[in-house]
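Number of protein chains: 2
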Amino acid sequence: MKFELPNFSNILIGKSLKTEELKSEKFNVLWGLPIMSSDAISSVAYAGEEILLILIPVMGIMSYRYMLYASLCIVFLLFMLTFSYRQTIDAYPGGGGSYIVAKDNLGTTAGLVAGASLTIDYILTVAVSASAGTAAITSAVPHLLEHKVGITLLLILVLVIGNLKGIRESSKVFGIPTYLFIISILFMIIWGIIRVHFLGYIPKLAYKIPKVSGSITLFLFLRAFAAGCTALTGIEAVSNGVPNFKEPSQKHAKIVLTLLSFIVLLMFGGISYLATIYHAVPNSEVTVVAQISGQIFNGNIIFYLIQIATAIILIMAGNTSFAGLPLLLAIMAKDGYAPRQFTKRGKRLGYSNGIITLGILSSMLVVIFKGDTHYLLALYAVGVFISFTLSQWGMFRRWTKSKKQGWRHKAFINGLGAVLTFTTTIIIGITRFKHGAWVVFICIPLIVYVMGKIKIHYSEVAKQLKLSAEDLQMPKEINFKRQKRYVIVPIDTLNKSFLKALNYARTISDNIIIFHVSVDNEATEKLLKKWHEYDVDIPIVVKKSPYRNIVGPLVKFIESEEYAAGSKDTVTVVLPQFVVTKWWGNILHNQTAVFIKTMLLRRRNIAIITIPYIIDED
Amino acid sequence: MKFELPNFSNILIGKSLKTEELKSEKFNVLWGLPIMSSDAISSVAYAGEEILLILIPVMGIMSYRYMLYASLCIVFLLFMLTFSYRQTIDAYPGGGGSYIVAKDNLGTTAGLVAGASLTIDYILTVAVSASAGTAAITSAVPHLLEHKVGITLLLILVLVIGNLKGIRESSKVFGIPTYLFIISILFMIIWGIIRVHFLGYIPKLAYKIPKVSGSITLFLFLRAFAAGCTALTGIEAVSNGVPNFKEPSQKHAKIVLTLLSFIVLLMFGGISYLATIYHAVPNSEVTVVAQISGQIFNGNIIFYLIQIATAIILIMAGNTSFAGLPLLLAIMAKDGYAPRQFTKRGKRLGYSNGIITLGILSSMLVVIFKGDTHYLLALYAVGVFISFTLSQWGMFRRWTKSKKQGWRHKAFINGLGAVLTFTTTIIIGITRFKHGAWVVFICIPLIVYVMGKIKIHYSEVAKQLKLSAEDLQMPKEINFKRQKRYVIVPIDTLNKSFLKALNYARTISDNIIIFHVSVDNEATEKLLKKWHEYDVDIPIVVKKSPYRNIVGPLVKFIESEEYAAGSKDTVTVVLPQFVVTKWWGNILHNQTAVFIKTMLLRRRNIAIITIPYIIDED
């Protein structure tokens, strides 16, 4: 709607676009890779750090070895997921998000659980990515550390405005930072290894490793593994976005997914290895990646380049949620599970309500958690893996139900995927339960419940509004006796605005009553005197209101015996409303008419006529 | 209005009161003194401290002597003001606030300047008193120091709720703490003097006095004097509240005013003297009064009693503003200089809008200045003295104009008062200009400007609504040709809600057009098919909206050549609106009807009929 936005929105958001202009650019492999996978690739910027954060306080220097083991497990999981999702791409050329796959194959409830998990994840992705992007900036420029919440909120605001503008227009540009990030991190890994192993550099211990020597336990290892699983978030974006690829889109999507896995393998493995030989120690001021690159490049220009690339790719990862969640909400809203406003496109064709909602909720998370990535990450991976599991399990059921050629092989792969992701969900749920995962376990059922309620509401509304065959056979001619119409015109003071309303009322009925609520005897007497001077043959009813309530007496009168309208008669209330031309004018007037309307609208047999009276002030 | 408040307001605020229950308790001298003068008396809790705060950093130990001199000047000013205001009480038995006195005798602009100064002062009084009350508490319980802003805001909230409840019911209770404060401070003064002069106690130097020995300059002395003038705030409350006294009310008010002066003299002088002999040094943690009483009573129970009494009287001083500002705003609103909502009494008969406004604005000041009394006090006294000056000068003009018996004597007293207060205003304005007084010098003209604009607005509205003799001679019978009425019923989907609206429309006109804005070709075709099945002989107009704007095409159509309504014909738009019974239901529906109404109401010849359709969900 063009009118509800003030004019400066044109400057900020851009001019409105026609519905016909809706088209999205299609990508080949070269551009599809960086654009569809920034979320997945960017998570290597924090996943290794999360593992060390669990291990180091317990095991000290021994942590690095187990970090490598945990990383290996995660990389194994990554390849299993890649195989599974390649099958989803084949089965859902229109895009197979968890919500759709689960709803299709496992039923509504499973679909809603997947939808709820995804919703939480998208919101967390924005909060996490923006916070981690800020961490990359503040690691390079420590002065800014005290403003980290402010910077994070600013980044989110930029994303909101950018998406309201509809940034798809120039989306190829967004591929470049991903490549910059990939190349610079790979370069760091290669140079970091060469420096130590071939040039004989001995890394300094910049941060103290605690002198502890706890031994590894299964639980500790699983905790570390669970923490590292954040590296796998964003994988499903590719299978979700199949229609965004050029034809043959499924083939392109599968190539991208496979490439993505190898890139994550190289980067995640490489960073884990570097952390080991450079003895990076997670702390709240400098990220692990910054510690490593700071040593490798001695804080020269390449160090800053890596920090910039990291910050940008993290922000872009947040941006993928701004494409994902509004679309998911629109799909769920079309099914009746989310407020219908999410289906409306804004002036620039983006789903603006979803974009704004996402911006607000993620900002709230940032404020609540004071922009600290670690706390947010504890909530993060559970939801992702719940939706992975449902999606894989849905695919498994799909094959076992269809029994088409080769279904056993396919069912095995997705079934294995389901078992692995389910196991991981359990591991994450248990090991991180008290660190925040419990919040997610409360939120998901809550969201599912609300979605169910919304569906019931819309169904009920649709049922009650639906025309029966009988309704459609309604009398083509209505015999209306004009004399029978009940019309009430409330009066406060006798002025032009009231007279305009009264005159309108007189054109539709001969059965008018003027109604006055008296809160001040003096004012009422003055009014009555004036009214009698005016001398029109219309009765005036005065009701005292000792509690200075204006609406109550009117409603009471309409429903009373005294007023003879039967319960089947429509009572028409004509309200004069003066309209001031200056925006601040409304502050200066009691909005009594608005309250009267709100109250009266709750009654069945009422019609409210508003007669504007415009006050010119120019 | 009873209906817009949720039910828990009954618990918080209490049940509604009838207008007839409006009566205020009348006081004799015994209760009038503590109740009307808590603001004035409480300011001795911080005035002496403000003087020392100016002098000590420059003069060190020599400050105490000049503090006494400054205090003497202030006490002299106090007695002059007492004489002057006794005359105001005589002249204004209905209560002579600066706004009324200045408006009466010096004209509207002077009245508005006084009104603006008073408004600022009342807001500052709340902020200052609540902050100083918190300081009294935190001086006794230093743990609470880190929560001082929170405590201050809580105190303001208590005042707001208390005043919304209408605390006048039990107002005599509020006299007791004032007496407690007066007695305990006087006891402290007497015992403090006895201990040093008769019992040979040698006060310890608890806080270091800076080793500086700057000499007194006129400017420094005037700055100290200006700072101490905060002791005189609240004096005019008595002359303002003459009607609150028992008959003979003027006589009682004058006695109270005189007594008040002597009490302030004793307390202010006493505290200044004690500060001298006990070497109190202002700092940001312990107030001067607390330093003195802490030494005198060695931190025993009486020390805590004094702190409690101080805190309570300061809070009550804040409370006087909650009686004063809402009343002032109501008076100014009746004159048309403030939004009319300020004249409405809430459910408990208090001017609730004024009370809430005061609470919000003073809370904002507390947050901005982080609950620091000293910064707030720098803004404080200017406004008070501007209103003193205008009030005194107004009284002077009153006598010189009336020239009734004895006018010379009276004019001399008020004229002298005016000269002294004006001089003080200048002194305060200059010496405290850069410390904050400049804010007041910007705000007062701004507020006066806004008040002027409001008056113009109300006058214009009244002028345009006023009925001329001609209007009152309007046709007693209107010949209305029913066929000529232009009615438009917008349609989105053909459902029961729409049909209800259409059927209403058909009862008032034969000239109906159904109007559809198409944003989705498919949906439009479906609608048209259904409409033709329904087969009623009413034309349907379809307009495409490429920018998905619903209201624009409708407005354009109404104004177009295509639609034949002349500019003098009223176009009636009938809007179906469905009403959901659950509160959250509205979130789930586009409020398109509301936007349409808002846009259409800005047009002159329009009538909007809203037909509610209620969706039952129980």
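Residue numbers (my numbering), protein chains in the order written: chain P, 1 to 618; chain U, 1001 to 1618. Think of the CB as a built atom: it goes at the ideal place given N, C-alpha and C, for glycine as much as any other residue. Since this is a predicted model, take the numbers as computed values, not measurements.
Setting aside the 5 residues that flank it on each side, I1061 (chain U) is surrounded in the same chain by I1209, each with a C-beta closer than 7 Å to its C-beta; the list follows chain order. For Q1341 (chain U), the chain P residues whose Cβ falls inside 9 Å of its Cβ are I587, L588, H589, N590, in order along the chain. When the five nearest sequence neighbours on each side are left out, the beta carbons in the same chain lying within less than 8 Å of the beta carbon of L601 (chain P) are those of I608, in order along the chain.
Non-local beta-carbon contacts of T125 (chain P) in its own chain, meaning distances under 6 Å to residues more than five positions away in sequence, involve S321 in chain order. Within the DSSP bridge table, the entry for T610 (chain P) names P:L575, U:I1608 as partners.
At a cut-off of 8 Å, the C-beta of N495 (chain P) has a neighbouring C-beta in chain U. Leaving aside the five residues that flank K1582 (chain U) on each side, the residues in its chain whose CB is nearer than 7 Å to its CB run, in chain order, E1617. Neighbours of D1335 (chain U) in chain P, taken as residues at a C-beta separation under 7 Å, are lacking, since the least C-beta distance is about 14 Å.
Around G336 (chain P), the same chain offers K455, Y458 as residues with beta carbons nearer than 6 Å, after the five sequence neighbours per side are excluded. Taking 8 Å as the CB threshold, Y1563 (chain U) stays off the interface with chain P. Between the alpha carbons of S1362 (chain U) and L1376 (chain U) lies a distance of about 11 Å.
Comparing C-alpha distances from S1184 (chain U) to each of U:M1395, U:I1296, U:N1521 shows the shortest one belongs to U:I1296. Nearest in C-alpha terms to V1256 (chain U), of all of U:G1269, U:G1270, U:G1241, is U:G1241. Across the region 442 to 475 of chain P, CB contacts with chain U closer than 8 Å involve I454, H457, Y458, E460, V461, Q464, L465, K466, L467, D471, L472, M474, in sequence order along the chain. In the three-state reduction of the DSSP assignment, H252 (chain P) falls in the helix class, which pools H, G and I. Per the C-alpha coordinates, the member of U:F1303, U:G1270, U:F1174, U:N1495 positioned closest to E470 (chain P) is U:N1495. The beta carbon of Y504 (chain P) falls within 8 Å of a beta carbon belonging to chain U, placing the residue at that interface. Proximity of V579 (chain P) to chain U, defined by a Cβ-Cβ separation below 8 Å, is satisfied. The residue among U:A1130, U:V1238, U:L1328, U:S1518 with its C-alpha nearest the C-alpha of Y1085 (chain U) is U:V1238. At least one C-beta of chain P is nearer than 8 Å to the C-beta of P1612 (chain U).
In the three-state reduction of the DSSP assignment, F1297 (chain U) falls in the coil class, being assigned neither a helical nor a strand state. For K1018 (chain U), the chain P residues whose C-beta falls within less than 7 Å of its own C-beta are P546, Y547, listed in chain order. Taking 8 Å as the cut-off between beta carbons, the residues of the region 345 to 368 of chain P near chain U are R345, K347, in sequence order. Here T1134 (chain U) is buried. Its C-beta has 16 or more other C-beta atoms within 10 Å.
The DSSP-derived three-state label of F369 (chain P) is coil. Two segments are said to touch when three or more pairs of C-beta atoms, one from each, lie closer than 8 Å; by this definition the region 1274 to 1283 of chain U does not touch the region 1172 to 1186 of chain U. The DSSP-derived three-state label of Y207 (chain P) is coil. Residue environment analysis places Y64 (chain P) among the buried positions, since at least 16 neighbouring C-beta atoms fall within 10 angstroms of its C-beta.
If you draw a 10 Å sphere on the C-beta of D569 (chain P), you find fewer than 16 other C-beta atoms in it, and that means exposed. Between the alpha carbons of Y1046 (chain U) and W584 (chain P) lies a distance of about 40 Å.
When rounded, the separation of the alpha-carbon atoms in A1127 (chain U) and L1232 (chain U) is 17 Å. Taken through DSSP and simplified to helix, strand or coil, K544 (chain P) comes out as strand. Counting along the chain, I1035 (chain U) sits inside no beta strand (DSSP E); it lies in the alpha helix (DSSP H) bounded by residues 1029 to 1036.
Here the C-alpha atom of G1359 (chain U) lies approximately 6 Å from the C-alpha atom of I1156 (chain U). Identification of chain U residues near I609 (chain P) by a Cβ-Cβ cut-off of 9 Å yields T1572, A1607, I1608, I1609, T1610, ordered along the chain. Among the CB atoms of chain U, one or more fall inside 8 Å of the CB of R602 (chain P).
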